[in-house]
Each structure stands twice: as C-alpha cells, then as structure tokens.
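Residue numbers (my numbering), protein chains in the order written: chain W, 1 to 164; chain V, 165 to 328; chain P, 329 to 492; chain Z, 493 to 656.
Protein chains: 4
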Amino acid sequence: MKLHVITTGGTIDKVYFDAKSEYEVGEPQVLEIFRDAHVSFDFSLESVLRKDSLELTDADRQLIRAHIEGCASERILVTHGTDTMVETALALAGIAGKTIVLTGSMQPARFKGSDAVFNIGVAVGAVQSLPPGVYVAMNGRVFDPRRARKNRERNCFEETGSAS
Amino acid sequence: MKLHVITTGGTIDKVYFDAKSEYEVGEPQVLEIFRDAHVSFDFSLESVLRKDSLELTDADRQLIRAHIEGCASERILVTHGTDTMVETALALAGIAGKTIVLTGSMQPARFKGSDAVFNIGVAVGAVQSLPPGVYVAMNGRVFDPRRARKNRERNCFEETGSAS
Amino acid sequence: MKLHVITTGGTIDKVYFDAKSEYEVGEPQVLEIFRDAHVSFDFSLESVLRKDSLELTDADRQLIRAHIEGCASERILVTHGTDTMVETALALAGIAGKTIVLTGSMQPARFKGSDAVFNIGVAVGAVQSLPPGVYVAMNGRVFDPRRARKNRERNCFEETGSAS
Amino acid sequence: MKLHVITTGGTIDKVYFDAKSEYEVGEPQVLEIFRDAHVSFDFSLESVLRKDSLELTDADRQLIRAHIEGCASERILVTHGTDTMVETALALAGIAGKTIVLTGSMQPARFKGSDAVFNIGVAVGAVQSLPPGVYVAMNGRVFDPRRARKNRERNCFEETGSAS
Chain W
1 MKLHVITTGG TIDKVYFDAK SEYEVGEPQV LEIFRDAHVS FDFSLESVLR KDSLELTDAD
61 RQLIRAHIEG CASERILVTH GTDTMVETAL ALAGIAGKTI VLTGSMQPAR FKGSDAVFNI
121 GVAVGAVQSL PPGVYVAMNG RVFDPRRARK NRERNCFEET GSAS
Chain V
165 MKLHVITTGG TIDKVYFDAK SEYEVGEPQV LEIFRDAHVS FDFSLESVLR KDSLELTDAD
225 RQLIRAHIEG CASERILVTH GTDTMVETAL ALAGIAGKTI VLTGSMQPAR FKGSDAVFNI
285 GVAVGAVQSL PPGVYVAMNG RVFDPRRARK NRERNCFEET GSAS
Chain P
329 MKLHVITTGG TIDKVYFDAK SEYEVGEPQV LEIFRDAHVS FDFSLESVLR KDSLELTDAD
389 RQLIRAHIEG CASERILVTH GTDTMVETAL ALAGIAGKTI VLTGSMQPAR FKGSDAVFNI
449 GVAVGAVQSL PPGVYVAMNG RVFDPRRARK NRERNCFEET GSAS
Chain Z
493 MKLHVITTGG TIDKVYFDAK SEYEVGEPQV LEIFRDAHVS FDFSLESVLR KDSLELTDAD
553 RQLIRAHIEG CASERILVTH GTDTMVETAL ALAGIAGKTI VLTGSMQPAR FKGSDAVFNI
613 GVAVGAVQSL PPGVYVAMNG RVFDPRRARK NRERNCFEET GSAS
C-alpha cells in the first residue's frame with residue numbers, strides 16, 4: 001500500500017501554547033502516530049490547510065479536492081475537524097479510482113486518552129480495504145458520508161436515514 | 165456493525181505486578197481501548213485463552229476456531245500474541261461467511277507509546293470493510309496470512325512471496 | 329503529613345471541550361495526579377478560584393491568603409497559573425507558621441508529556457521538607473519568590489538577582 | 493542546585509522486549525522524565541547497577557556508597573527497586589555533608605499512569621530542601637529510612653515505630 005495523507009487542521013492537530021495562553025492548530029500529529037505505531041507501509045504527506053473545520057470555505061474544499069485529484073496515490077487519508085467532516089466528504093464525491101477516508105478526533109492527539117490514535121488506525125485499516133469512494137471513519141465505524149452526521153449533543157458520529 | 169471480539173492473550177494484554185515482580189497476561193485491554201475511543205458499534209467479547217502465543221497448541225487453535233464458528237457474528241476480531249499470529253490465522257482458513265481479523269501488539273497496551281491502540285484501530289477498520297476471509301493486521305497493514313510473517317530481527321510484520 | 333491543597337485555576341487545569349471548540353479551566357487535576365501516584369498522606373482540597381493567572385486581581389490574592397490563614401494545616405500546596413505565580417507568592421508573604429508551595433504547569437495536566445505530574449511531585453517533596461515560608465516550585469527547582477521570575481521567551485522559571 | 497543522579501535498576505527502569513518476550517531493566521528513565529519536565533537545574537548521572545533490588549548484595553551497596561562518597565555533589569538522587577530500598581538507605585547512613593534521597597516506582601516508568609514521574613518529582617523537591625542525611629521518597633512522603641518499610645500486601649511504603 002502507498003498511502004497519501006492530506007492534513008487540513010481540526011481538533012486532532014490542536015496544541016496548547018502556554019506562552020501565549022492560546023490553543024492553536026499545530027503540526028500534523030499523524031506523523032508521530034505513524035512513527036509510534038511502527039507502520040511499515042509507504043506514505044507521503046501534505047499539510048494543505050490548518051483550520052478549524054467550521055472555518056473551511058467552499059474554496060478550501062475545492063483545494064482539498066484538487067490535491068486529491070492531482071496526487072498519484074489511489075489511497076488517500078484526510079485528517080479533518082469533526083464539525084464539517086461530512087460536508088467536506090460530500091464535496092469530494094465522484095473522484096474516480098481513489099479510496100478516500102476522512103478522519104479526525106474529538107480530543108487533541110496530544111491529550112492522554114485521546115481518540116486520535118484509534119481513529120487514525122481505523123482509517124488506515126479502511127482505506128486499504130475498501131473500493132474507490134469517499135468514507136468517514138469516526139467512533140470505530142466507517143460511514144458513507146451520505147448517511148452520516150455528527151451528533152453534537154452526544155459528541156459522536158451516527159448513521160442517518162438511507163442514502164438518496 | 166456487530167463485532168465479536170475473541171481475546172487469547174499475548175503481549176497486548178501483558179501487565180506488570182510489582183508485588184510479585186512478574187509480568188503476566190492480564191485482563192483484555194481491548195475493552196479499555198474501545199471505551200477510550202468512544203466506539204459506537206455493538207460488540208461482544210469472549211476471553212478464550214490467556215497465553216503467550218508461543219505456548220499455543222493445536223488444541224488451542226481448534227478451540228479458537230470453534231468459538232468463531234459457533235458465534236452469531238459475521239465480523240470477528242481476535243487479539244493474539246505476535247509470534248504465532250500467522251500460524252493461528254492459517255488454522256482458521258475456510259470458515260464460511262465470516263470476516264476474521266487477527267491483531268496484537270509488540271508493546272503491552274499499558275505502555276506509553278504502545279502500538280496496541282493503533283493496531284486495534286486498523287483491525288476494526290479492516291474487519292468491517294473486507295469480504296469474508298482471514299486477515300492479519302499489524303504495522304498498519306492488512307495481510308493475507310498466506311503471504312505474511314513476523315520478521316523477528318526487525319520486530320515487524322512483512323509480506324512474503326506469493327500465495328500457493 | 330497533613331497537606332491542604334488550594335487550587336486557583338491556570339494551565340494545569342485546562343481541558344478541551346470539542347463540542348464548543350474551546351479550552352477552559354476544568355476540574356482540579358491534582359486529585360487525579362494524587363490518585364495515580366497512590367499518595368499515602370492525608371490531604372484536603374479547596375477549589376478557591378478557576379482563572380487564568382493573568383486575570384487574578386488583588387482581591388483574588390487576598391481571598392487565597394485568607395483561605396491559607398484560615399485553614400488548620402501547616403503545609404499548603406497552591407496550584408496556580410504560571411504567568412503571575414510569583415506575584416501571588418509575594419502577596420502571601422508573612423503568614424506565620426505555614427510552609428506554602430505554589431506550583432503549576434506549562435502544559436495542561438491532561439496532555440501527554442505534561443510537566444504537571446512532575447511539578448506537583450516537586451511541590452509535595454518541598455512542602456514537607458522546608459521551614460515555614462512561601463516558595464515557588466517550577467522546572468524542578470524550589471525558588472524563593474523574591475528571587476524568581478518566569479522567563480516568557482524561554483518558557484521557564486529562573487533565578488533573578490539577590491533578594492531585597 | 494547541582495544534582496548527582498545514581499541509578500541502580502529496579503522496576504522504574506523496567507522495559508519489555510517483545511522479541512525475547514522478556515521484561516528487563518533498561519536505560520535509566522530518569523533522563524526522559526527530566527527532559528519532559530524541562531528541568532532547569534544542573535545534573536550529572538551515573539548508571540551504577542541494573543538489578544532488581546532483591547538481587548542487590550552487600551558489595552553492591554558498598555559500591556553505591558563509594559560512588560556517593562566519591563562524587564563532588566552534595567545533593568544525590570538514587571533510583572532503586574522498592575523491595576530493598578530501605579535496606580540500601582540504611583547502608584548509606586553516616587555520609588557527611590550530603591543529602592541523599594532514594595526513590596523508585598511500583599510500576600515501570602514506561603507504563604501509562606506509572607507513579608515514576610511523581611516519585612522522581614517528590615525526590616527532587618526533597619533533595620534540594622532537606623539537610624544532610626539519607627531519605628526515602630515514596631507514595632508522596634519523605635521517610636526517615638529508620639522508620640520506614642514497604643508494606644507488600646498494600647504495595648505501599650509506610651511509617652514504622654520510632655527510630656532507635
């Protein structure tokens with residue numbers, strides 16, 4: 001497997017800077033996760049955006065899409081904020097010949113007990129196992145974005161009604 | 165997805181007891197990993213064995229097989245020691261209608277920076293994405309056990325020659 | 329040793345709430361730190377304030393002082409934001425018969441690799457070993473607040489010139 | 493403060509080697525603990541022994557004593573297995589002009605939730621605050637070794653009767 005990773009920001013990459021007493025999107029955490037896990041597949045990584053997903057615009061989504069269409073790999077992992085992950089997934093529909101899995105985390109990867117490592121694992125397992133298409137991997141499940149949403153009250157992704 | 169988890173022991177479940185100054189197979193760590201990750205799928209769990217995988221016998225493998233054949237679920241995750249994971253996977257060949265993924269870890273799940281959480285994630289992503297068959301998920305890759313082995317020098321799973 | 333702990337907020341107690349995408353002062357982390365460390369001394373705890381230390385007022389410092397003067401214990405641990413820790417320590421000067429140690433952390437206690445657990449440990453070691461007075465425990469050192477300051481560029485506490 | 497650290501082995505430095513499926517005393521963990529905590533004091537380190545403390549002999553204890561007597565520093569931190577920590581502390585009695593604090597941990601430093609970081613912190617706080625003498629820092633308390641013992645049933649250090 002040759003995996004291409006695109007990072008866009010979101011909670012997974014948030015860090016805390018005491019000097020400024022702020023909380024910002026930092027370096028892609030997926031690299032450290034891959035290193036700790038001793039992954040043996042080949043991968044490349046592009047940090048395309050560094051935003052909260054609530055701040056992503058249509059132009060940002062077209063930029064992500066262009067990077068996916070332009071890369072050589074057929075297996076794409078996108079790390080993304082959770083709030084608009086489904087929206088971005090829908091904006092990536094119809095890219096031929098590529099398996100694209102979006103994931104992220106509810107807690108920053110730097111936190112003890114964060115869901116980030118597990119979620120990246122699920123996405124890596126799914127991206128090499130599924131046929132071409134766009135998927136969202138959260139809470140241990142691999143969703144069709146046309147039938148998924150983030151339930152903000154329960155802070156959990158869930159399945160909605162049937163796909164159109 | 166309804167997932168059935170079978171634990172058999174191995175490094176992933178090893179803990180350290182200071183009172184006895186020993187290192188033993190403890191409770192299944194996969195439960196804590198699922199809880200920390202806030203998984204939202206249904207699952208059941210059986211702790212079938214608690215052994216180092218080097219100590220597993222043919223009878224043990226038949227026991228694991230019987231538990232898989234006897235359970236209602238079509239998605240099976242087996243946690244297992246790494247040394248004979250491939251051997252057990254081969255002993256599970258030919259079970260119809262079930263997707264079976266074996267995983268484990270090189271470092272105990274209780275260790276900081278262990279590969280356990282990531283590996284369980286990869287296995288969870290793979291088990292819900294793949295057609296019926298037996299697979300080994302280690303080092304971020306999903307292997308056909310007929311083409312996989314543990315490289316003890318590099319402490320890493322790798323692909324071997326073509327399947328027979 | 330009977331230890332009285334007073335928490336005032338600061339980075340050490342900061343947590344991250346994804347639902348709101350904010351970063352706030354949460355529950356006192358010192359309790360979880362004591363529990364993980366299996367401390368065997370008696371202690372009591374008061375959560376007096378929950379503020380960034382840059383927001384602390386003179387009235388807040390008098391409130392902290394009143395709580396220390398009013399409690400029965402002679403050993404007091406104060407968790408506090410780092411930016412004005414020295415200022416608060418100076419405002420506690422002259423309380424007779426009590427050993428008071430202020431500490432905090434540069435990274436939230438919930439972060440992997442945070443300095444919080446170590447700093448709390450240093451403060452606990454110092455508070456039971458030193459004569460009455462006010463001290464600041466940061467970066468593994470126990471400072472006289474009249475000769476200490478936070479170096480914001482280096483994000484580290486350091487000794488200044490001689491006490492007046 | 494100029495601190496000299498002597499490591500002798502024990503649970504705190506235990507690591508797990510999957511390739512050999514064994515559990516052994518590894519590199520001194522105190523270095524990583526100091527680095528994560530961003531300590532700003534000067535220190536030197538000697539790894540004098542790498543043993544379970546149950547295996548330490550009188551000759552080993554004389555070796556530790558000789559290293560302490562021979563070093564220039566007046567502040568000495570000794571990491572040590574818990575089972576005979578008190579016995580070694582007693583064997584170090586009477587070294588003039590040096591404050592010596594022994595500590596260790598019930599769980600390996602590499603484990604999540606280990607008491608190692610906290611215990612090292614307590615020892616660092618105590619060693620710079622106490623007059624010359626030998627002390628044992630465990631479970632958040634600083635003991636006189638003549639009045640301390642490890643309670644193996646409760647897996648905790650406690651005070652015994654009065655010193656002779």
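No residue lacks a Cβ here, since even glycine has one placed at the ideal position from N, Cα and C.
Residue i (DSSP reduced to helix, strand or coil)
i: N151 (chain W); result: strand
i: L54 (chain W); result: helix
i: V189 (chain V); result: strand
i: L90 (chain W); result: helix
i: S164 (chain W); result: The pLDDT assigned to S164 (chain W) is 46, lower than 50, so where the model puts this residue is not dependable, and the model offers no usable value.
i: H231 (chain V); result: helix
i: D472 (chain P); result: coil
For residue i, the residue or residues it bridges with in DSSP
i: S536 (chain Z); result: Z:H496
i: T571 (chain Z); result: Z:T499 and Z:T595
i: C320 (chain V); result: V:N315
i: V30 (chain W); result: V30 (chain W) pairs with nothing; no bridge assigned.
i: T343 (chain P); result: The question names Thr, but residue 343 (chain P) in the sequence shown is Val. The partner list for V343 (chain P) (beta bridge, DSSP) reads P:E352.
Residue closest to residue i, alpha-carbon to alpha-carbon, out of the options
i: M138 (chain W); options: W:V30, W:F157, W:R65 and W:N151; result: W:F157
i: A96 (chain W); options: W:P132, W:A66, W:A148 and W:M85; result: W:P132
i: G174 (chain V); options: V:E233, V:G258, V:V298 and V:Q271; result: V:Q271
i: L541 (chain Z); options: Z:S597, Z:E579, Z:Q554 and Z:F603; result: Z:Q554
i: P145 (chain W); options: W:R65, W:G161 and W:R152; result: W:G161
i: F535 (chain Z); options: Z:L594, Z:V628, Z:V616 and Z:R644; result: Z:V616
i: K276 (chain V); options: Z:K590, Z:A564, Z:L537 and Z:E524; result: Z:E524
i: Q456 (chain P); options: P:V429, P:E397, P:T336 and P:R475; result: P:V429
i: A394 (chain P); options: P:G432, P:K379 and P:A419; result: P:A419
i: K426 (chain P); options: P:E402, P:E487 and P:D341; result: P:E402
i: R141 (chain W); options: W:R152, W:G121, W:R154 and W:E153; result: W:G121
i: E87 (chain W); options: W:A126, W:V134 and W:I76; result: W:V134
i: V281 (chain V); options: V:E317, V:A253 and V:T243; result: V:T243
i: L458 (chain P); options: P:R363, P:L373, P:I404 and P:S433; result: P:I404
i: R316 (chain V); options: V:A273, V:A290, V:M249 and V:N283; result: V:M249
i: P356 (chain P); options: P:S368, P:D364 and P:E374; result: P:E374
i: F198 (chain V); options: V:K314, V:R313 and V:N283; result: V:N283
i: K330 (chain P); options: P:D386, P:S433 and P:S368; result: P:S368
i: N319 (chain V); options: V:G190, V:I170 and V:S269; result: V:S269
i: G354 (chain P); options: P:R438, P:E487 and P:K478; result: P:R438
i: G70 (chain W); options: W:R149, W:E159, W:A148 and W:I6; result: W:I6
i: L384 (chain P); options: P:A476, P:R475, P:K478 and P:G409; result: P:G409
Whole-Å CB distance - residue i paired with residue j, under 8 Å assumed
i: H38 (chain W); j: D279 (chain V); result: 6 Å
i: E352 (chain P); j: V343 (chain P); result: 6 Å
i: S217 (chain V); j: D247 (chain V); result: 5 Å
i: A257 (chain V); j: V300 (chain V); result: In fact, because the Cβ distance is near 12 Å, the residues do not count as touching under 8 Å.
i: K51 (chain W); j: T103 (chain W); result: The Cβ separation is near 16 Å, so there is no contact.
beta-carbon residue i near the ligand FAD non-hydrogen atom, thresh 7 Å
i: A365 (chain P); result: The ligand FAD is not part of this structure, which contains no ligands at all.
Item checked: Complete runs of the alpha helix (DSSP H) confined to the segment 591-634 of chain Z [at least 4 residues] -> 608-619
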